[in-house]
Amino acid sequence: RNKELVIDKAKTCQTNKTESFLIKFIIPANFTSSNNVVRFYGNFSVVQQIRPPLELTLVAYRCTLDLQNCQRYNAVQVPKICSFLADTNSFWSPFVRSIEPTVKCPLQPATYVFKDSAFDLSFFTSFPLDGYTWQVTMKLYSTAVTPKKEVFCFAAQATLKTVRRP
17 RNKELVIDKA KTCQTNKTES FLIKFIIPAN FTSSNNVVRF YGNFSVVQQI
67 RPPLELTLVA YRCTLDLQNC QRYNAVQVPK ICSFLADTNS FWSPFVRSIE
117 PTVKCPLQPA TYVFKDSAFD LSFFTSFPLD GYTWQVTMKL YSTAVTPKKE
167 VFCFAAQATL KTVRRP
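Heads up: the sequence shown begins at 17 in the numbering used here, then just goes up one per residue.
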């Protein structure tokens, strides 16, 4: 038996700030999820320069499989996102490098294209995620201004499934 993290949904957050996001998907994010790999297709636009420092906030909610009950599970703040974008030896590096033009700070206005953009989720299958549906919100902020500005928000829903493989 193998574990597979299946991404059920992934899209731009729909909030009162959505219109002011500086990163936009002209059409909804297009992706596939199988064998612990999520692949992104299409493109996104940065509508004006986004100055560093950039900070990422991840908030995870643990929900019953029927989504009738959700509770906030954990929140993580990741400062200095620009150094993560520049890192060439991490599990996210191939994904970042697959986007054209190069994603680097400051983020320049352009249309960025996913080119064979795959993100391997195997790393997460060793965590005790079974028996729940997980909703994760990822918010990107520019902290170059005060108060910090939310420039993008992405929401995903995933379930860890046990699969039988021959």
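Idealized CB from N, CA, C, for every residue including glycine.
For this session: Starting from the C-beta of residue 41, find all residues in its chain whose C-beta is less than 7 Å away, skip the five residues before and the five after it, and write them out in chain order.
Result: The residue labelled residue 41 in the question sits at position 25 within the sequence shown. The residues are 28 and 60.
Exercise. Among the residues of its own chain, which have a CB less than 7 Å from the CB of residue 160, if the five just before and after it don't count?
Worked result: If you number the sequence shown from 1, residue 160 lands on position 144. So the list reads 67, 68 and 69, once near-sequence residues are dropped.
For this session: Could you check the C-alpha separation between residue 179 and residue 20 for me, to the nearest Å?
Result: Along the sequence shown, read from residue 1 onward, the residue named residue 179 stands at position 163. Along the sequence shown, read from residue 1 onward, the residue named residue 20 stands at position 4. Near 7 Å, if we compare the C-alpha coordinates of residue 20 and residue 179.
Problem set entry | C-beta neighbour in chain D for residue 107, strict 9 Å | Among the chains in the structure shown there is no chain D, since it carries only a single protein chain.
For this session: Give the range of the beta strand (DSSP E) segment to which residue 97 is assigned.
Result: In the sequence shown, counting from the first residue as 1, residue 97 sits at position 81. Here residue 97 belongs to no beta strand (DSSP E); instead the alpha helix (DSSP H) covers 97-102.
Problem set entry | Residues bridged to residue 176 (per DSSP) | Here residue 176 refers to the residue found at position 160 of the sequence shown. Paired residue(s): 21.
Exercise. Start and end of the alpha helix (DSSP H) containing residue 112?
Worked result: As a position in the sequence shown, residue 112 is number 96, starting the count at 1. Per DSSP, residue 112 belongs to the alpha helix (DSSP H) from 109-113.
Exercise. Taking one C-beta from the segment 75-90 and one from the segment 44-54 each time, how about it: are there three or more such pairs within less than 8 Å?
Worked result: no
Exercise. If we ignore side chains and look at the alpha-carbon of each, how far apart do residue 103 and residue 109 end up?
Worked result: By one-based count along the sequence shown, residue 103 stands at place 87. By one-based count along the sequence shown, residue 109 stands at place 93. Their backbone Cα atoms lie some 6 Å apart in a straight line.
Exercise. Which partner residues of residue 87 appear in the DSSP bridge assignment?
Worked result: Along the sequence shown, one-based indexing puts residue 87 at 71. DSSP lists 78 as partners of residue 87.
Exercise. Considering residue 156, what are the terminal residues of the beta strand (DSSP E) in which it resides?
Worked result: Here the question's residue 156 lines up with position 140 in the sequence shown. Here the beta strand (DSSP E) through residue 156 covers 149-158.
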